[in-house]
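Asks:
There are 2 protein chains.
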Amino acid sequence: MGEFELIRNYFAAAPCAQGGEGIALGIGDDCALLALPAGEQLAISTDTLVAGVHFSDPCDPFLLGQRSLAVAVSDLAAMGANPLAFTLALTTPTVDADWLQPYALGLNLMAQRCGVGLVGGDTTRGPLSLTLTVFGRVPAGQALTRSGARPGDLLCVGGELGNAAGALPLVLGQRSADAAIAEPLLAHYWSPQPQLALGLALRGKATSAMDISDGLLADCGHIAKASSVSLLIERQQLPLSGALLAFVGDDQARVAALSGGDDYVLAFTLPSAELAPLQAAGWPIHVIGRVEAGQGVTLLDANGQDITPAIRGYQHFRETRE
Amino acid sequence: MGEFELIRNYFAAAPCAQGGEGIALGIGDDCALLALPAGEQLAISTDTLVAGVHFSDPCDPFLLGQRSLAVAVSDLAAMGANPLAFTLALTTPTVDADWLQPYALGLNLMAQRCGVGLVGGDTTRGPLSLTLTVFGRVPAGQALTRSGARPGDLLCVGGELGNAAGALPLVLGQRSADAAIAEPLLAHYWSPQPQLALGLALRGKATSAMDISDGLLADCGHIAKASSVSLLIERQQLPLSGALLAFVGDDQARVAALSGGDDYVLAFTLPSAELAPLQAAGWPIHVIGRVEAGQGVTLLDANGQDITPAIRGYQHFRETRE
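If you read the protein sequences in the order shown, they are chains A and B.
Going left to right, the first sequence walks through residues 14 to 335 as our numbering numbers them.
Going left to right, the second sequence walks through residues 14 to 335 as our numbering numbers them.
#1: Among the candidates A/Gly302, A/Gln155, A/Ile236, A/Gly217, whose CA atom is the shortest distance from the CA of B/Ala37?
#2: Are the region 212-220 of chain A and the region 156-167 of chain A touching, with three or more C-beta to C-beta distances below 8 Å?
#3: Flag A/Gly139 as yes if its beta-carbon sits less than 7 Å from any beta-carbon of chain B, otherwise no.
#4: Assuming A/Ala306 contacts A/Ser240 (C-beta within less than 8 Å), just tell me the rounded distance between them.
#5: Would you decide whether B/Asn5 is buried or exposed? Buried here means 16 or more other CB atoms lie within 10 Å of its CB.
#6: Within the same chain, show all residues whose beta-carbon is closer than 6 Å to that of B/Thr144, passing over the 5 residues directly before and after it, in chain order.
#7: With burial defined as no fewer than 16 other Cβ atoms inside 10 Å of the residue's Cβ, what is the status of B/Leu185: buried or exposed?
#8: Would A/Gln3 be called buried (16 or more neighbouring beta carbons within 10 Å of its own) or exposed?
#9: Since B/Asp232 contacts B/Ala280 with CB under 8 Å, what's their CB separation in whole angstroms?
#10: Are the beta-carbon atoms belonging to B/Leu198 and B/Ala180 less than 7 Å from one another?
#11: Which residues in chain A sit within 8 Å of B/Thr100, going by Cβ to Cβ distance?
#12: How about A/Ala85 and A/Gly149: do their beta carbons lie closer than 7 Å?
#13: Decide if A/Ala270 is buried, meaning its Cβ has at least 16 other Cβ atoms within 10 Å, or exposed.
#14: Let me see if you follow: with CB-CB separation under 7 Å, is A/Gly134 close to chain B or not?
#15: A/Asp224 versus chain B: which residues are under 8 Å apart at the beta carbon?
#16: When DSSP builds the beta bridges, which residues end up paired with B/Arg303?
#17: Verify whether the separation of the beta carbon atoms of B/Ala162 and B/Ile246 is less than 7 Å.
#18: Consult DSSP for B/Ala214 and reduce its assignment to one of helix, strand or coil.
#19: Evaluate B/Pro205 with the Cβ neighbour count: other Cβ atoms within 10 Å of its Cβ, from every protein chain shown; 16 or more gives buried, anything less gives exposed.
#20: What are the residues of the region 259-274 of chain B that lie near chain A, defined by any Cβ-Cβ distance shorter than 7 Å?
#21: Using the rule of at least 16 other Cβ atoms within 10 Å of the residue's Cβ for burial, across every protein chain shown, is A/Ala177 buried or exposed?
#22: Does any residue of chain B bring its CB to less than 7 Å from the CB of A/Gln79?
#23: Taking A/Ala214 as the query, report the chain B residues whose CB atoms sit under 8 Å from its CB, ordered along the chain.
#24: Thinking just about the alpha-carbon of each residue, which of B/Asp224, B/Leu229, B/Ser189, B/Gln249 is nearest to the one in B/Ala256?
#25: What would DSSP say about B/Thr321, mapped onto helix, strand or coil?
#26: A/Arg150 versus chain B: which residues are under 9 Å apart at the beta carbon?
#27: Return the CA-CA distance between B/Val278 and A/Gly139, expressed in angstroms with no decimal places.
#28: Decide if the region 206-216 of chain A is in contact with the region 257-269 of chain A; the criterion is three or more beta carbon pairs, one per stretch, under 8 Å apart.
#29: A/Thr137 and B/Val63 - do their beta-carbons sit closer together than 7 Å?
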């Protein structure tokens, strides 16, 4: 048995590999088999994280294990899907138990939290990278897509924005901060919580949804394009954490919220009549703008003036992180 | 729009991205959506190919496009699954149209041949590697697994063995050969044909199956272990191509067939009563041995003598290719 086969067995022995309902056959054969209840469809999303591009190398493998799965599962939340399973394609230059063990621990912890079972994958030798493919269930016709936003809808997000971008100088060791500031920001970066329950609550209510991974402005652009509408964002309505405001100040906090990315918070459009019942039920929904006829994304200041051009310049840095 | 987003659009525009029956939502949203007929399960397999490990770099991108999908789809054949869709996670150091265009052409050609539609994926910057995840449909309970082989079954393969391993010195430029020898060997290496139709024909007949990727001996070991049986392979019964025999001679051809890997031919066990009707129907089935009570894989010479130890030494090189 080769050492890479040992890795496969190691992951196969993890608790999350046991799977649950819907996993007819897990790790160890040519394919895994998933079963779906009648009337449901399978939602699928794939994300790759490359060392030195999407995370620093070296980094804490336990935290990477959590984060690598969370960012993939977040796409299931954005579709309103029930999480089911995932595969892991791990490429690593060496077989290092001191790295693999904490990575698998972090992965398993997030898998249990999200309710997904490891059903397969591949383990190969090469420069460190991770490709995770996640699977969820959604009743036919009820998935939340990007294409249903309508003029008159409210534009909403499911939580505070900009925390992960605010954490980046801490992650990269460029700045330090008191624990009261650093810990919530770093927790958001390393251990984002996919908004799976919110996604389910929005089924049949939100007209469009996605998760914010590339930054609010860029991701709202995807909804605007797919729905052929214009999205207006009110800069003063962005929900910001106390830690982010204390760390970088109001102006930079809003830049981070608009362009920073890695939030993994849901952005969605909602007919106004749907808002009050959802908020009354306790869902963390922040109205940040509205949908109008037209195209593209427009950022408005507190006076309703268009300040979009002033913020666009911050987006160029995205290119380096793809 | 970043250049990596352009790549995504490029693949999304490919004919194979249109998909067919069962693809409810393809590229462009947070998730793809697959629909399954009632009573069917989804078969899933993931394969990663790393530059410099699984293929030489540089290599012909058109041929790599074909091969990268074929090796993944072969796992669907091994399960007796109907091909449906796939995702591509492409990591590349630079955006080079002269590489991407022929790669996508080769990929699309194999996708059309196999009947799978591209439904999603990810495109990232980093050292060249490809992770393909393939999806197929199979009626619940009818998938061919590795675990059902029974004493008394015949051990069979679906075609000639060792051609891809025989091609390796040609691929690496270590040797040359006349076109009559080189072309069939290289075709097998670069453009393996997943035995999808054979997989379907074996449903309800074969007791176990897998595709030969790591070499006949190693892969038969997986069946023996999963089924808790002993597999006996008769060295003289291995089906070998004229090109391979002419290129490396009888002894080395049998070594390639036993240990070489990359054949992507099905290996399976079959109750003896099932053999004649399948062969009469024209399926290319070669009996190479039998199943007995016990464990492990035993290689027999023409006199029925156990020659397993003599061949095992050739397997060590596998480690370098994982």
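C-beta: ideal position from N, C-alpha, C; glycine also.
Replies: Let me lay it out:
#1: Ranking the options by Cα distance to B/Ala37, first place goes to A/Gln155.
#2: Output reads yes: the region 156-167 of chain A touches the region 212-220 of chain A.
#3: Residue-level contact by beta carbon holds for A/Gly139 and chain B, with a gap shorter than 7 Å.
#4: Not really, about 11 Å apart at Cβ, beyond 8 Å.
#5: The question about residue 5 of chain B has no answer, for chain B in this structure spans 14 to 335.
#6: Thr61, Ala102, listed in sequence order.
#7: Exposed is the call here.
#8: Any question about residue 3 of chain A goes unanswered here, given that chain A covers just 14 to 335.
#9: In this structure, B/Asp232 and B/Ala280 form a Cβ contact; the two beta carbons are roughly 6 Å apart against a cut-off of 8 Å.
#10: Yes, the Cβ-Cβ distance between B/Leu198 and B/Ala180 is below 7 Å.
#11: Under a criterion of Cβ atoms nearer than 8 Å, the residues of chain A adjacent to B/Thr100 are, in order, Ile57, Thr59, Thr146.
#12: In this structure, A/Gly149 does not lie closer than 7 Å to A/Ala85 by Cβ.
#13: So A/Ala270 counts as buried.
#14: It does; some Cβ of chain B falls within 7 Å.
#15: Those are Asp43, listed as they occur along chain B.
#16: According to DSSP, B/Arg303 shares a beta bridge with B/Leu167, B/Leu245.
#17: Note that the C-beta distance between B/Ala162 and B/Ile246 is not below 7 Å.
#18: Of the three classes helix, strand and coil, the one that applies to B/Ala214 here is helix, per DSSP.
#19: Buried: at least 16 other Cβ atoms inside 10 Å.
#20: Answer in chain order: no residues at all.
#21: A/Ala177 is buried by the Cβ-count criterion.
#22: In terms of beta-carbon proximity, A/Gln79 stays away from the interface with chain B, with every pair separated by 7 Å or more.
#23: Chain B residues near A/Ala214: none, gap ~17 Å exceeds 8 Å.
#24: Nearest of B/Asp224, B/Leu229, B/Ser189, B/Gln249 to B/Ala256, Cα basis: B/Ser189.
#25: It is helical.
#26: Under a criterion of Cβ atoms nearer than 9 Å, no residue of chain B is adjacent to A/Arg150; the nearest Cβ is some 10 Å distant.
#27: If you take the alpha carbons of B/Val278 and A/Gly139, they lie about 26 Å apart.
#28: In short, these stretches do not touch, since the Cβ pair count stays below three.
#29: With respect to A/Thr137, B/Val63 sits close: the two C-beta atoms are nearer than 7 Å.
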